[in-house]
Amino acid sequence: MNKSICIVFNKAPYGSQSGRELLDIALMAAAFDMPITAIFIDQGVYQLLKGQEPDILHIKNHSATFKALPLYGIEEVYVEQQAMQQFKLDIHQLLEIDGLQQATTDGIRAKIAQSDFVLTL
Amino acid sequence: MNKSICIVFNKAPYGSQSGRELLDIALMAAAFDMPITAIFIDQGVYQLLKGQEPDILHIKNHSATFKALPLYGIEEVYVEQQAMQQFKLDIHQLLEIDGLQQATTDGIRAKIAQSDFVLTL
Amino acid sequence: MKTLYIINQPQKSEEAQPYFAEHDGIVLIEDAVVLATRETKQPHGLKQYVLEEDLIARGLHKKVASDWEVVNYPQFVELTLQYDKSVSWL
Amino acid sequence: MKTLYIINQPQKSEEAQPYFAEHDGIVLIEDAVVLATRETKQPHGLKQYVLEEDLIARGLHKKVASDWEVVNYPQFVELTLQYDKSVSWL
Amino acid sequence: MATFSLLVTANPYSSQGQFSAIQFAKTLLEQGHQLMRVFFYADGVLVASRLHAPPADEINLTKAWAKLAIEKDIELVACVTAANKRGIVNAAEAERNALTGDNLDPAFAISGLGQLTEAMLESDRLITFG
Amino acid sequence: MATFSLLVTANPYSSQGQFSAIQFAKTLLEQGHQLMRVFFYADGVLVASRLHAPPADEINLTKAWAKLAIEKDIELVACVTAANKRGIVNAAEAERNALTGDNLDPAFAISGLGQLTEAMLESDRLITFG
């Protein structure tokens with residue numbers, strides 16, 4: 001069994017390159033057949049919001065790549081319930097990603113504990 | 122009367138170059154005879170702590186330059202009382218800078234309001 | 243002098259708040275625009291603006307709370323002239 | 333698995349805290365060492381370490397609260413081996 | 423009509439500040455205001471390198487600034503101290519520091535912090551993008 | 553004895569992470585552990601430029617890494633995507649992108665993100681400095 005990796009997105013998109021560059025790590029880990037968990041917490045949940053149009057600022061839109069996560073074999077994708085509530089978002093406002101699930105903070109704590117590597121950026 | 126500038130230090134030293142690079146702006150503004158106010162708030166008060174030894178990490182110690190502020194004609198130097206209390210610091214733990222005064226948040230708000238330019242970094 | 247605070251990171255609004263004075267304004271840009279999705283009571287009846295282009299970029303344009311006034315770039319430039327100075331709180 | 337959280341910015345400790353589990357540890361480095369000057373109650377009886385060299389750099393070596401254990405670089409390296417993994421919370 | 427200067431300290435790669443600064447600059451010029459100088463400081467100086475190779479479908483910020491500078495005759499000035507320690511050097515500085523190569527984009531000048539102070543004194547507004 | 557790899561994403565100019573990473577690397581080597589690879593990603597790649605000219609009384613981080621790499625035979629690898637968009641290029645990439653000059657320090661290699669994944673799989677510990 002390969003080592004597992006958990007990628008934690010905790011920042012809103014476009015103000016930093018964090019989301020984009022973590023995504024590249026996730027895709028590469030997938031190519032190496034590592035079991036991958038992608039977790040969106042805090043302002044990171046905004047990475048998944050529908051209807052992003054950063055092109056009006058000449059910034060590349062990377063949000064479509066999140067929709068392709070299952071195609072790369074990344075099927076464990078969790079968004080934090082508490083953050084959704086805090087920002088008054090519901091799951092229908094997020095990108096349609098196959099298998100996207102809401103998780104409690106307890107659930108996310110367990111996912112982090114179980115992974116061999118956990119990366120934030 | 123020249124335009125006045127207020128430089129706000131709000132970050133601890135060495136984790137970023139913010140303190141160092143703001144200091145350079147203050148010294149240059151002094152060379153142009155701009156009236157200068159230097160203000161230390163939040164974790165910026167740690168910029169003024171005595172006994173810094175960043176050389177053990179091969180990082181240059183810029184704290185001595187703060188002591189020289191009056192030599193450059195920068196005589197309005199304020200450290201925020203609330204931050205001092207929050208971090209349990211007293212004025213004797215800070216560098217001996219001629220004219221260094223404690224100011225309330227109200228006092229600092231007034232200084233910021235009066236200045237023609239206010240910079241953070 | 244009236245000051246316009248430019249806030250570009252979400253956590254910076256709270257850090258700058260103690261220094262806001264009467265007649266000041268704040269404008270949220272970049273990642274800080276997420277703050278405009280919630281009602282926010284500022285002291286002194288501070289004017290509260292949020293940059294439209296940064297909202298659109300993040301898909302937040304239709305989620306702005308009623309106490310924030312949406313401004314576009316031309317209006318942002320005008321704001322910096324209406325206020326005596328602008329302070330970017332980094 | 334036991335996780336060692338590496339915290340290098342003061343505000344990140346609070347952000348990471350909801351994810352600390354029993355038997356985890358945290359080590360404060362760089363600007364985050366300022367947090368060790370105050371008593372801090374962590375949940376789960378988490379082990380709390382702070383890096384000595386970063387304290388000395390900032391003149392904070394003699395201001396550490398009693399619930400923080402001071403470790404030097406060799407001990408920091410050993411800690412990363414005592415825990416199953418290290419997570420830098422950025 | 424007013425005279426602006428901009429102070430750009432934003433990292434061009436991991437923050438949005440340079441994008442915001444360019445947009446702000448273009449907008450004020452469209453409104454008929456003057457832009458006296460854009461002063462790059464701290465990580466903002468990194469944009470002054472001519473060696474950027476971003477992916478083909480992404481903006482090259484250095485070229486975007488250069489285009490603005492040429493079309494509108496805007497001064498782009500990077501602080502020499504900030505630039506040299508961040509690996510941004512022109513040919514003269516490269517030679518003085520015995521470096522094998524230089525990387526300053528020709529649209530940018532390298533000069534001292536006095537250019538920032540001067541911009542503050544001579545402009546109606548200084549807006550910082552960090 | 554254990555095998556470490558480091559992931560360095562810290563900006564070498566405006567953060568302390570590169571200093572911390574070098575200190576951590578030196579310490580683990582002194583303790584007899586192995587350092588398989590140091591992988592530079594995000595703003596961490598900026599340290600791989602050979603054109604830095606810091607003030608004379610300050611450390612040159614690029615040279616500090618290079619010294620460690622030579623003395624202890626450590627691999628220093630910068631991510632190609634992160635590097636190219638940040639203006640860090642070797643001669644081949646400069647030519648491919650029609651850039652006039654290159655700036656990669658010879659102590660560093662440029663390669664893909666796969667080198668990070670490989671380091672994760674083959675090391676006992678990966679420590680990130682951001």
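Residue numbers (this note's numbering), protein chains in the order written: chain Z, 1 to 121; chain H, 122 to 242; chain F, 243 to 332; chain D, 333 to 422; chain R, 423 to 552; chain A, 553 to 682.
Just so you know, even glycine gets a beta-carbon here, dropped at the ideal spot from N, CA and C.
- Comparing C-alpha distances from Glu517 (chain R) to each of A:Ala605, A:Asp657, A:Leu613, A:Phe556 shows the shortest one belongs to A:Ala605.
- Listed along chain F, the residues sitting closer than 9 Å to Ile229 (chain H) by beta-carbon distance are Pro260, Tyr261.
- Using beta-carbon distances, Phe153 (chain H) does not count as an interface residue toward chain D, since no partner is under 8 Å.
- When DSSP reads this structure, Val79 (chain Z) sits in a beta bridge with Z:Phe40, Z:Gln102.
- For Ala514 (chain R), the uninterrupted alpha helix (DSSP H) segment begins and ends at 513-518.
- Our two residues, Gly287 (chain F) and Val359 (chain D), have alpha carbons roughly 42 Å apart in a direct line.
- For chain H, the residues of the region 435-469 of chain R that bring a beta carbon within less than 8 Å of one of its beta carbons are Tyr463, Ala464, in chain order.
- For Ala389 (chain D), the closest Cβ of chain H is nearer than 8 Å.
- Along the length of the region 560-603 of chain A, whole alpha helix (DSSP H) runs at least 4 residues long occupy 569-582, reported in chain order.
- Judged by DSSP in its simplified three-state form, Thr522 (chain R) adopts coil rather than helix or strand.
- Flagged as an interface residue toward chain Z: Gly666 (chain A), by a C-beta distance shorter than 8 Å.
- Of the candidates A:Leu613, A:Ala635, A:Gly664, A:His585, A:Gly664 places its Cα closest to the Cα of Ala31 (chain Z).
- Within the region 63-91 of chain Z, not one residue has a Cβ closer than 8 Å to any Cβ of chain R.
- Listed in chain order, the positions of the region 48-61 of chain Z with a beta carbon within less than 9 Å of a beta carbon of chain F are Leu49, Lys50, Gly51, Gln52, Glu53, Pro54, Asp55, Ile56, Leu57, Ile59, Asn61.
- For Val403 (chain D), the closest Cβ of chain H is not nearer than 8 Å.
- DSSP places Ala500 (chain R) inside the beta strand (DSSP E), whose first and last residues are 497-501.
- In this model, Thr561 (chain A) and Ala594 (chain A) are separated by some 5 Å (Cα to Cα).
- For Ala634 (chain A), the chain Z residues whose Cβ falls inside 8 Å of its Cβ are Glu21, in order along the chain.
- Against Thr241 (chain H), the close residues of chain F are Val329, Ser330, Trp331, Leu332, in the order they occur along the chain (beta-carbon pairs closer than 8 Å).
- With fewer than 16 other Cβ atoms from the protein chains shown falling within 10 Å of its own Cβ, His92 (chain Z) counts as exposed.
- Excluding sequence positions up to five before and after Lys289 (chain F), its CB lies within less than 8 Å of the CB of Asp266, Gly267, Ile268, Glu311, all in the same chain and listed in chain order.
- By the criterion of a C-beta distance shorter than 8 Å, Val276 (chain F) is surrounded in its chain by Pro252, Arg300, Leu302, once the five residues flanking it on both sides are discounted.
- In terms of beta-carbon proximity, Ile146 (chain H) lines the interface with chain R, with at least one pair separated by less than 8 Å.
- Assignment of beta strand (DSSP E) within the region 274-308 of chain F, counting only whole runs of 3 or more residues, yields 289-293 in chain order.
- Residues of the region 486-505 of chain R that bring their beta carbon within less than 8 Å of a beta carbon in chain Z comprise Ala486, in sequence order.
- A Cβ-Cβ distance of about 6 Å is found for the pair Asn506 (chain R) and Glu515 (chain R), placing them in contact under the 8 Å criterion.
- Judged by DSSP in its simplified three-state form, Ser4 (chain Z) adopts coil rather than helix or strand.
- In the structure shown, Thr322 (chain F) adopts helical secondary structure according to DSSP, grouped into three states.
- Contact between Leu94 (chain Z) and Val77 (chain Z) fails: their C-beta atoms lie close to 10 Å from each other, not under 8 Å.
- Glu362 (chain D) is outside the set of residues whose beta carbon lies under 8 Å from a beta carbon in chain Z.
- Judged by beta-carbon spacing, Gln207 (chain H) lies beyond the 8 Å limit of Gln223 (chain H), meaning their Cβ atoms are not closer than that value.
- As DSSP reads the structure, Tyr247 (chain F) sits in a beta bridge with F:Ile268, F:Val329.
- By the Cβ rule, the region 19-36 of chain Z counts as touching the region 58-71 of chain Z, because three or more pairs are nearer than 8 Å.
- By the Cβ test, the region 424-444 of chain R is in contact with the region 454-468 of chain R, since at least three Cβ pairs between them sit closer than 8 Å.
- Setting aside the 5 residues that flank it on each side, Leu383 (chain D) is surrounded in the same chain by Val359, Leu360, Ile361, Val365, Val403, Phe408, each with a C-beta closer than 7 Å to its C-beta; the list follows chain order.
- In the DSSP assignment, Ile492 (chain R) forms no beta bridge with any residue.
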